[in-house]
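A.B. asks: Residue numbers (our numbering): 4 to 158.
C-beta: ideal position from N, C-alpha, C; glycine also.
All values reported here derive from a predicted model rather than from experimental measurement.
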């Protein structure tokens, strides 16, 4: 066997090993991002459910939250509240936004705040958006829900 065949064989082996290592690294990275996306989705769903529980306990606790302001869940064994203190759960950052809901004055349709139709804020309905992000992997998940004062509680 000549020197050229040995060099070509070594180059082929080197390329194959290099590509294999790169593929494994890519698989690990994709797996990490997928696991982070699943965990972030569960944490966001938990956040929506926690705020729904707040609504069920007391509409005032939800309707009194400043709108369009970052809030964080404070979950204790005896209560759930929204606070200004940032929340990190197992390396994931969870942020809750409570937003006003606008309804068209002609009808009861929900419209965007930027809509040109005549509209008014619905004091009995809020939009809750929960965003969970994993800074290490760059994954972010946002879930939202419309919550209404279903029990007719007065503020």
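May I ask you to report which of helix, strand or coil DSSP gives residue 50?
C.D. replies: Residue numbering aside, residue 50 sits at position 47 when the chain shown is read from its first letter. Residue state, collapsed to three classes: helix.
A.B. asks: Could you check whether the Cβ of residue 44 sits closer than 8 Å to any Cβ belonging to chain B?
C.D. replies: You won't find chain B in this structure, because it holds only one protein chain.
A.B. asks: So, using beta-carbon positions, are residue 151 and residue 127 closer together than 8 Å?
C.D. replies: Position 148 of the chain shown, counted from the start, is the residue given in the question as residue 151. Position 124 of the chain shown, counted from the start, is the residue given in the question as residue 127. Contact: yes.
A.B. asks: Locate the alpha helix (DSSP H) running through residue 64, then write down its first and last residues.
C.D. replies: Indexing the chain shown from 1 puts residue 64 at position 61. That run of the alpha helix (DSSP H) goes 62 to 66.
A.B. asks: Below 8 Å on the Cβ atoms is my contact criterion, and I expect residue 103 with residue 70 to pass it. Report the Cβ-Cβ distance as a whole number of Å.
C.D. replies: As a first step, residue 103 must be located in the chain shown, where it is residue number 100. As a first step, residue 70 must be located in the chain shown, where it is residue number 67. With a Cβ gap of about 5 Å, residue 103 and residue 70 count as contacting.
A.B. asks: Okay, do the stretch 108 to 115 and the stretch 51 to 70 touch, 3+ Cβ pairs below 8 Å being the bar?
C.D. replies: No, because fewer than three Cβ pairs between the stretch 108 to 115 and the stretch 51 to 70 fall closer than 8 Å, the two stretches do not touch.
A.B. asks: Which residue marks the beginning of the beta strand (DSSP E) containing residue 82, and which one marks its end?
C.D. replies: If you number the chain shown from 1, residue 82 lands on position 79. Here residue 82 belongs to no beta strand (DSSP E), and DSSP marks it neither H nor E.
A.B. asks: For residue 151, name the three-state secondary structure that DSSP assigns.
C.D. replies: For the purposes of this step, residue 151 is identified with residue 148 of the chain shown, where counting begins at 1. Residue 151 falls in the strand class under three-state DSSP.
A.B. asks: Taking C-alpha atoms, which residue in 115, 53, 23 and 18 lies nearest to residue 82?
C.D. replies: By one-based count along the chain shown, residue 82 stands at place 79. Measuring from the Cα of residue 82, the nearest candidate turns out to be 53.
A.B. asks: Taking the alpha carbon of residue 73 as the point to measure from, which residue in 136, 60 and 99 has its own alpha carbon closest?
C.D. replies: Residue 73 sits at position 70 when you count from the first residue of the chain shown. Checked all of 136, 60 and 99; the closest Cα to residue 73 is 99.
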